[in-house]
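Comments concern the structure below.
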Amino acid sequence: MRPLLLALLLALPLFAFAQAPNPKNMAVVKEIEALERQRFEAQVKKDYAFLEKAFGDDLVYTHGSGVQNSKVEYIQSIKDGKSQYGKIEVEAMNVRVYNEDKTAVVNGTIRITSPPQADGSTSVAHIKYVVVQIKDKKKGWQVVLWQAQKQAS
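Note that the sequence shown covers residues 16 to 168 in the working numbering.
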């Protein structure tokens, strides 16, 4: 039993080294985290120029209700007031990078507060989500998939 324990203890640093994050990869993770937060802010502020750039032309955006939009439809839904955001708070975010740092899969949870109604009331939705971003040589990082699921309050 002792030799096995000793072997595991000696091998432990090798396992830790093998799982150490790649500094280049960590830079991409931080970049994607920042872009996600900027996108949420742009949705709240109705920054259509940023959203046009952040979303890929082939975007598939699936709301927590199951409604699915293309890029054009989703941005129009914000313009028309069908998709309204008073505040979007990131509760958790996990970024994984693949394909030689050209693909990122993000999953997390957010808290969306609606804009105040005429009586001053707001509603809150807790959302679990998955995002896929790809890095286009000319356009940079773009969201090509958003899938949301409402959580019980």
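All residues carry an ideal CB built from backbone N, CA and C; glycine is no exception.
Please check the pair residue i and residue j, which I expect to be a contact at CB under 8 Å, by giving their CB distance rounded to whole angstroms.
i	j	result
residue 144	residue 162	7 Å
residue 74	residue 92	Not really, about 12 Å apart at Cβ, beyond 8 Å.
residue 97	residue 150	Not really, about 30 Å apart at Cβ, beyond 8 Å.
residue 119	residue 43	7 Å
Going by DSSP, what residue range makes up the beta strand (DSSP E) through residue i?
i	result
residue 69	Looking at the DSSP string, residue 69 is not in any beta strand (DSSP E); the run it does join, the alpha helix (DSSP H), is 63 to 69.
residue 150	139 to 151
residue 113	102 to 113
residue 120	118 to 128
Can you tell me which of the options puts its alpha carbon nearest to the alpha carbon of residue i?
i	options	result
residue 55	158, 111 and 152	158
residue 166	45, 106, 160 and 147	106
residue 3	101, 153 and 41	Nothing about residue 3 can be read from this structure; the chain reaches only from 16 to 168.
residue 137	164, 37, 38 and 99	99
residue 152	142, 71 and 126	71
residue 95	61, 164, 135 and 160	61
residue 104	141, 78, 87 and 135	141
residue 160	52, 135 and 78	78
residue 164	126, 134 and 38	126
Quick one: using the 10 Å Cβ neighbour count with 16 as the cut-off for buried, is residue i buried or exposed?
i	result
residue 80	exposed
residue 115	exposed
residue 155	exposed
residue 32	Low confidence applies to residue 32: its pLDDT is 37, below 50, so where it sits in the model is not reliable enough to give any reading.
residue 113	exposed
residue 83	exposed
residue 110	buried
Going by beta-carbon coordinates alone, are residue i and residue j separated by less than 8 Å?
i	j	result
residue 50	residue 57	no
residue 139	residue 124	no
residue 76	residue 63	no
residue 47	residue 147	no
State the start and end residues of the unbroken alpha helix (DSSP H) segment that holds residue i.
i	result
residue 57	38 to 60
residue 171	Examination of residue 171 is not possible in this model, given that the chain is present from 16 through 168 alone.
residue 92	86 to 94
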